[in-house]
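What follows is one structure encoded as structure tokens, with my remarks underneath.
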Amino acid sequence: MVHEITAAQQSILLDRCLRELLNQELLLSSSAIDIKGIDSKSKEKLLSIRGEVFLSETERDPFELDILTHFQEFDGVHHIKHSLEEIRAGSLPNFVQTQNLGRVFPLNLTEWSIGLEIFESRRTLVLGYAPQATQSLEIKCSVDKLEIEISTESQEKKETLPLQKLNLLEKLDKILSDVINLRISDSWKAA
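Each residue of the sequence shown is one higher than the one before, starting from 231 at the first, in the working numbering.
So this is what it looks like as structure tokens:
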């Protein structure tokens, strides 16, 4: 799904996604259970933010922030744990916390993305129960465009909405409804 947005909506969407979808608990944690970033050129990016810091009225300096996930361990037979690594480049000050990047001035956001793969315990023929990635959510946002992609294993009933784990669809629905008057659950049911 692709939707046009304004630069102001882009910042508000990032702020709301950081605070409500990912939340401070995950962003400040050293690991995540049953969630990982989406594979992108051998990196599992959970969060990627690009922008510029205004150094003066005429001078800007680019910055990058990525939160990557790395396999850590299996937590029993039903769960999988990934470690989180934050990587910063450019002139973004270290005292600026990740969860505040949608509302910090003087920053100019150029693009950001959130990628989540959600794991559920499934019975396999060889291993018995094991965590497997069953759903994914990818949000890509630039100055004028928002792209959202939800993938899920085949569902028997179309009425069954994806991303119910951690109430991700409900949270995303509220954020999008409030900021750009879009309900993604309605779009999913209509597809």
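A virtual CB, placed ideally from N, CA and C, is assigned to each residue, including glycine. Since the structure is predicted, the reported quantities are computational estimates derived from the model, not experimental observations.
Given a cut-off of 8 Å, decide if Thr-340 and Glu-287 are closer than it, judged by their beta-carbon atoms. With contacts defined by Cβ atoms closer than 8 Å, Glu-287 and Thr-340 do not form a contacting pair.
Pro-288 (DSSP reduced to helix, strand or coil): Residue identity differs from the one stated: residue 288 is Thr in this sequence, not Pro. Three-state result, Thr-288: coil.
Do you know offhand how far Thr-382's Cα is from Ile-297's? Their backbone Cα atoms lie some 23 Å apart in a straight line.
Suppose you measure from the CA of Leu-257 to the CA of Leu-277; what does that come to, to the nearest Å? Cα to Cα, the separation comes out at about 10 Å.
Please report how far the alpha carbon of Ser-260 lies from the alpha carbon of Leu-357, in whole angstroms. Rounded to the nearest whole angstrom, the CA to CA distance from Ser-260 to Leu-357 is 28 Å.
Where do the N-terminal and C-terminal ends of the beta strand (DSSP E) with Gln-365 fall, by residue? Where Gln-365 is concerned, the enclosing beta strand (DSSP E) starts and stops at 358-372.
Between the segment 342-351 and the segment 361-369, do at least 3 Cβ pairs fall closer than 8 Å? Yes: the two stretches touch, three or more of their Cβ pairs being nearer than 8 Å.
Per DSSP, what are the beta-bridge partners of Arg-280 in this structure? Under DSSP, Arg-280 forms a beta bridge with Glu-294 and Glu-341.
Could you please give me the residues that DSSP links to Phe-304 through a beta bridge? DSSP lists Ile-310 as the bridge partner or partners of Phe-304.
Identify which residue in Ile-344, Leu-399, Tyr-359 and Leu-412 has its Cα closest to the Cα of Lys-275. When the alpha-carbon of Lys-275 is set against those of Ile-344, Leu-399, Tyr-359 and Leu-412, the nearest one is in Ile-344.
Once the 5 residues before and after Ser-241 are set aside, which same chain residues still bring their CB inside 8 Å of it? Result list for Ser-241: Gly-332, Arg-333 and Leu-339, in chain order.
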